[in-house]
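Have a look at the structure below before the remarks.
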(Lines of atoms letter the chains of each structure in order from A; the text may use other names.)
(Lines give C-alpha, C1' and ligand atoms only; values in the text may rest on other atoms or scores of the structure.)
Protein backbone atom coordinates (compact mmCIF):
# COMPACT_ATOMS: atom_id res chain seq x y z
CA UNK A 3 0.00 0.00 0.00
CA UNK A 4 2.78 2.42 0.88
CA UNK A 5 4.73 1.46 -2.26
CA UNK A 6 1.66 2.19 -4.37
CA UNK A 7 1.32 5.67 -2.86
CA UNK A 8 4.98 6.45 -3.37
CA UNK A 9 5.26 5.15 -6.92
CA UNK A 10 2.05 6.66 -8.36
CA UNK A 11 0.93 10.23 -7.73
CA UNK A 12 -2.79 10.80 -7.96
CA UNK A 13 -4.15 12.35 -11.14
CA UNK A 14 -4.96 15.49 -9.15
CA UNK A 15 -1.35 15.79 -8.00
CA UNK A 16 -0.10 15.17 -11.53
CA UNK A 17 -2.42 17.85 -12.89
CA UNK A 18 -1.25 20.30 -10.23
CA UNK A 19 2.37 19.59 -11.05
CA UNK A 20 1.70 20.06 -14.77
CA UNK A 21 0.07 23.44 -14.09
CA UNK A 22 3.01 24.46 -11.89
CA UNK A 23 5.52 23.34 -14.53
CA UNK A 24 3.68 25.27 -17.25
CA UNK A 25 3.57 28.44 -15.15
CA UNK A 26 7.25 28.09 -14.25
CA UNK A 27 8.16 27.63 -17.92
CA UNK A 28 6.19 30.72 -18.91
CA UNK A 29 7.80 32.69 -16.09
CA UNK A 30 11.28 31.68 -17.20
CA UNK A 31 10.53 32.64 -20.79
CA UNK A 32 9.19 36.02 -19.69
CA UNK A 33 12.21 36.61 -17.44
CA UNK A 34 14.58 35.74 -20.30
CA UNK A 35 12.76 38.12 -22.62
CA UNK A 36 12.92 40.96 -20.10
CA UNK A 37 16.56 40.24 -19.28
CA UNK A 38 17.53 40.41 -22.97
CA UNK A 39 16.04 43.90 -23.10
CA UNK A 40 17.61 45.00 -19.82
CA UNK A 41 21.08 43.45 -20.25
CA UNK A 42 22.59 46.33 -22.29
CA UNK A 43 21.31 48.87 -19.76
CA UNK A 44 22.72 46.83 -16.88
CA UNK A 45 26.11 46.51 -18.60
CA UNK A 46 26.23 50.25 -19.30
CA UNK A 47 25.28 51.03 -15.71
CA UNK A 48 28.04 48.78 -14.37
CA UNK A 49 30.59 50.30 -16.75
CA UNK A 50 29.57 53.81 -15.69
CA UNK A 51 29.85 52.86 -12.03
CA UNK A 52 33.32 51.40 -12.57
CA UNK A 53 34.38 54.52 -14.46
CA UNK A 54 33.24 56.68 -11.55
CA UNK A 55 35.05 54.48 -9.01
CA UNK A 56 38.37 54.44 -10.92
CA UNK A 57 39.43 58.08 -10.34
CA UNK A 58 38.41 57.94 -6.68
CA UNK A 59 40.70 54.99 -5.98
CA UNK A 60 43.65 56.38 -7.96
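Residue numbers (this note's numbering): 3 to 60. Where a beta carbon is used, it is the ideal one built from N, C-alpha and C, also for glycine.
(request) Please go through the same chain and pick out, in chain order, the residues whose beta-carbon is closer than 6 Å to the beta-carbon of residue 53, but skip the five residues on each side of it. (result) none
(request) Express the C-alpha separation of residue 56 and residue 47 in angstroms, rounding to a whole number. (result) Distance between the alpha carbons of residue 47 and residue 56 is about 14 Å.
(message) Could you tell me the alpha carbon to alpha carbon distance between residue 33 and residue 17, rounded to whole angstroms?
(response) 24 Å
(request) Measure the alpha-carbon distance for residue 14 versus residue 51 and round it to whole angstroms. (result) 51 Å
(request) Return helix, strand or coil for residue 47, following the three-state DSSP convention. (result) helix
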